[in-house]
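Novice:
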Amino acid sequence: MEDHATTGTFLERVEEKLDSLSKKERQTVEYMKANQAELIYASITELAEAVGTSEATVTRACTKLGYPSFQALKVSVATELVSPQEKIHEELTPNASAEVIIDKIFSSAIQTLTMTQQSLDDVAVGKSIKAICKCRRLVIIGNGNSGAVALDAQHKFLRIGMNVQAYTDDHLQMIAMVSLTAEDVLLAISHSGSSKDAGDAIQLAKEQGATVITITSSGNSPVANASDIRLLTRSQETRYRTYAISSRMAELTIIDTLYTGVALCKGDRAIANFEALEKALVVKKY
Numbered sequence: 001m002e003d004h005a006t007t008g009t010f011l012e013r014v015e016e017k018l019d020s021l022s023k024k025e026r027q028t029v030e031y032m033k034a035n036q037a038e039l040i041y042a043s044i045t046e047l048a049e050a051v052g053t054s055e056a057t058v059t060r061a062c063t064k065l066g067y068p069s070f071q072a073l074k075v076s077v078a079t080e081l082v083s084p085q086e087k088i089h090e091e092l093t094p095n096a097s098a099e100v101i102i103d104k105i106f107s108s109a110i111q112t113l114t115m116t117q118q119s120l121d122d123v124a125v126g127k128s129i130k131a132i133c134k135c136r137r138l139v140i141i142g143n144g145n146s147g148a149v150a151l152d153a154q155h156k157f158l159r160i161g162m163n164v165q166a167y168t169d170d171h172l173q174m175i176a177m178v179s180l181t182a183e184d185v186l187l188a189i190s191h192s193g194s195s196k197d198a199g200d201a202i203q204l205a206k207e208q209g210a211t212v213i214t215i216t217s218s219g220n221s222p223v224a225n226a227s228d229i230r231l232l233t234r235s236q237e238t239r240y241r242t243y244a245i246s247s248r249m250a251e252l253t254i255i256d257t258l259y260t261g262v263a264l265c266k267g268d269r270a271i272a273n274f275e276a277l278e279k280a281l282v283v284k285k286y
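For the sequence shown, position 140 (counting from the first letter as 1) is numbered 140 according to UniProt numbering, and the numbering increases by one without interruption.
#1: With arginine 159 as the anchor, note down where its alpha helix (DSSP H) starts and where it stops.
#2: Which ranges would you report for the beta strand (DSSP E) in the UniProt domain "SIS" (125-268) if only whole runs of at least 3 residues count?
#3: Compare the C-alpha of residue 365 against each of Val282, Arg136, Leu151, Ile175 and name the closest.
#4: Please confirm whether asparagine 143 and threonine 114 have their CB atoms less than 9 angstroms apart.
#5: Just how far apart, CA to CA, sit alanine 198 and valine 223?
#6: Using DSSP with H/G/I as helix, E/B as strand and the rest coil, what is isoleucine 40?
#7: If you drop the 5 nearest sequence neighbours on each side, which residues of the same chain put their C-beta closer than 6 angstroms to that of alanine 131?
#8: According to DSSP, simplified to helix, strand and coil, what is tyrosine 31?
#9: Quick check on aspartate 256: buried or exposed, where buried means 16 or more other Cβ atoms within 10 Å of its Cβ?
#10: Just tell me which of Ser247, Arg234, Lys206, Ser217 has its CA closest to the CA of aspartate 228.
#11: Within 10 Å of its beta-carbon, does glycine 52 have 16 or more other beta-carbons around it, so buried, or fewer, so exposed?
So, in structure tokens, the structure goes:
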């Protein structure tokens with residue numbers, strides 16, 4: 001028989017299940033109910049700290065409400081809070097002109113890059129460049145939208161002759177982690193910072209002794225908290241989205257920053273590889 005709680009709205013589920021929750025779970029749910037607008041921007045770690053409970057309690061509360069995860073609950077709440085049109089872009093209407101769309105999208109990207117530049121920790125960037133420059137092997141992981149950023153990073157670092165692989169499949173990620181050593185670096189990209197796949201890979205990489213660098217939008221998230229070096233993006237995403245749009249530009253720009261820093265660090269070796277690439281690729285163009 002189908003569980004009614006799995007088909008109702010967030011508020012309907014809360015009303016039905018509240019009395020069956022433990023004290024901590026009830027506090028968690030009541031906090032979420034009272035702060036829905038803020039909830040959809042929060043990581044599970046941030047919510048647990050705000051309530052004064054644990055991530056495990058948050059997960060149990062979500063499960064008892066009929067959601068498979070905290071992320072699923074956030075998506076449901078966000079969907080209920082915004083109109084169908086806002087799911088595309090909160091500040092655009094169906095009859096928006098091309099000129100207006102261009103202005104909004106480009107302005108959002110520019111704002112994201114500016115916010116990220118102003119908040120990016122130069123010490124963390126420096127440590128990341130140093131770690132990548134001297135590593136034996138660089139492994140980059142990302143799932144979903146972050147996978148595209150991971151593949152772009154692989155392309156960049158290959159151009160300077162690095163031993164680098166990007167993995168966007170969760171099984172291959174775990175397989176790759178097994179062969180890491182203390183001489184290697186894992187670069188994990190997760191916009192939300194709540195990717196279970198990234199978290200599992202990071203845990204195994206650290207057990208192998210590898211240095212872990214993360215790029216996330218939240219410094220207080222499971223993925224960021226598990227890393228050795230945190231690099232953060234800053235953006236204003238539309239509320240319902242589970243993936244990054246404008247923040248992807250910031251992630252790519254951070255990758256370009258690391259790539260440039262590592263290329264400078266490698267000096268003549270990077271230049272020699274550039275020259276070899278030019279010769280190898282010349283036959284690919286008319």
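Quick reminder that beta carbons are idealized off the backbone N, C-alpha and C, glycines included.
Specialist: The short version:
#1: Stepping through the sequence shown from its first residue, residue 159 is reached at position 159. For arginine 159, there is no enclosing alpha helix (DSSP H), since its DSSP letter is neither H nor E.
#2: Qualifying beta strand (DSSP E) stretches, in chain order: 138-142, 164-167, 185-189, 211-216, 229-232.
#3: Residue 365 lies beyond the range of the chain shown here (1 to 286); nothing can be said about it.
#4: Position 143 of the sequence shown, counted from the start, is the residue given in the question as residue 143. Position 114 of the sequence shown, counted from the start, is the residue given in the question as residue 114. No, they are not a contact pair.
#5: Translated into the one-based positions of the sequence shown, residue 198 becomes position 198. Translated into the one-based positions of the sequence shown, residue 223 becomes position 223. The straight-line gap from Cα to Cα measures roughly 7 angstroms.
#6: Along the sequence shown, read from residue 1 onward, the residue named residue 40 stands at position 40. When DSSP states are grouped into helix, strand and coil, isoleucine 40 belongs to the coil group.
#7: By one-based count along the sequence shown, residue 131 stands at place 131. For alanine 131, the CB contacts under 6 angstroms within the same chain, skipping 5 residues up- and downstream, are Val185, Thr211 in chain order.
#8: Numbered from its first residue, the sequence shown carries residue 31 at position 31. Here tyrosine 31 sits in helix by DSSP.
#9: Sequence index remark: in the sequence shown, residue 256 carries index 256 (1-based). With fewer than 16 other Cβ atoms inside 10 Å of its own Cβ, aspartate 256 counts as exposed.
#10: As a working mapping, residue 228 is identified with position 228 in the sequence shown. Minimum Cα distance to aspartate 228 is reached at Lys206.
#11: The residue you call residue 52 lines up with position 52 of the sequence shown. The residue is exposed, with fewer than 16 neighbouring Cβ atoms inside 10 Å.
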